[in-house]
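A short write-up of the structure that comes next.
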């Protein structure tokens, strides 16, 4: 996280604070730079800095591929008990053991602030975390081949996911993975165009990618399965 601030923030100051109590260790790294979400927005040509959160959630994201793999924030957010980034009005958070609590809020603050907390007696093993996102065959070198995408981050506020453009936003860069798990937690419904773009058009264009969905309510599941049945019946 310090290297990210050093290499990407374009700032002049980095602050590091570490606090250890009887139960946990807390760390904060902050800088006075452009802001991580704004930096990603500019690099990828995104319409809104909030879309940067969706891209971070997928993993394999870096604005400097020659020096970084884009795996640091993805795995760090899953190693700690809690991991938070606050930057320029956008708040990104993840709690260990959950794939559905990425949150967007509106809090104004310049630069980027990263907060990390870990129980002092955690028995968590790094290799176990990495293994959760590896889906390669036994004959292949293990790698970061699986991602879990929080579908709700493809929308603005309380907007419903109905359009093909929203689906394309959701699917940007997922061709970098072999297994893509779409988490529909907190998504009340999806439109026919959205479902068709994901589960028929994209699936047909990328048969090598395993596309899985989880936490879909009955309405969303019906739309997805109807789209898949239409694909099976199409020559």
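Numbering (this note's numbering), first residue to last: -7 to 227. Just so you know, even glycine gets a beta-carbon here, dropped at the ideal spot from N, CA and C. For clarity, every value in this text was computed on a predicted model and none was experimentally measured.
Less than 8 angstroms between the CB atoms is what I'm expecting for residue i and residue j, so what's the real figure, rounded?
i	j	result
residue 51	residue 136	7 angstroms
residue 232	residue 159	One cannot answer for residue 232 here, as it falls past the ends of the chain, which runs -7 to 227.
residue 49	residue 141	6 angstroms
residue 21	residue 8	5 angstroms
residue 171	residue 217	Contact doesn't hold; Cβ gap of about 20 angstroms is too wide.
To the nearest angstrom, how far is the alpha carbon of residue i from that of residue j?
i	j	result
residue 53	residue 103	19 angstroms
residue 193	residue 126	25 angstroms
residue 15	residue 199	47 angstroms
residue 74	residue 106	11 angstroms
residue 33	residue -6	21 angstroms
residue 25	residue 4	7 angstroms
residue 213	residue 76	31 angstroms
residue 215	residue 204	14 angstroms
residue 152	residue 184	12 angstroms
residue 219	residue 39	29 angstroms
residue 206	residue 109	28 angstroms
residue 145	residue 2	27 angstroms
residue 148	residue 43	9 angstroms
residue 17	residue 45	25 angstroms
residue 79	residue 222	43 angstroms
residue 210	residue 30	36 angstroms
For the beta strand (DSSP E) holding residue i, just list the boundary residues, first then last.
i	result
residue 68	No beta strand (DSSP E) holds residue 68; the alpha helix (DSSP H) holding it covers 64 to 71.
residue 102	Residue 102 -> no beta strand (DSSP E), and no H or E assigned at all.
residue 157	Counting along the chain, residue 157 falls outside any beta strand (DSSP E), though it belongs to the alpha helix (DSSP H) covering 156 to 163.
residue 22	16 to 23
residue 34	Element bounds for residue 34: not the beta strand (DSSP E) but the alpha helix (DSSP H), 28 to 36.
residue 229	With the chain covering only -7 through 227, there is no way to say anything about residue 229.
residue 83	82 to 87
residue 139	138 to 142
residue 204	202 to 206
In the DSSP assignment, the alpha helix (DSSP H) including residue i goes from what residue to what residue?
i	result
residue 121	118 to 123
residue 193	Counting along the chain, residue 193 falls outside any alpha helix (DSSP H), and DSSP gives it neither H nor E.
residue 0	-6 to 0
residue 48	43 to 50
residue 188	184 to 188
Measuring alpha carbon to alpha carbon, tell me which of the options ends up nearest residue i.
i	options	result
residue 139	184, 43, 166, -1	166
residue 161	8, 47, 9	47
residue 182	109, 170, 143, 202	143
residue 156	125, 141, 189	189
residue 114	64, 88, 45	88
residue 6	13, 12, -2	-2
residue 119	222, -4, 67	67
residue 116	84, 70, 79, 80	70
residue 174	10, 163, 45	163
residue 81	168, 124, 41, 221	41
residue -4	30, 19, 65	65
residue 35	0, 11, 10, 85	0
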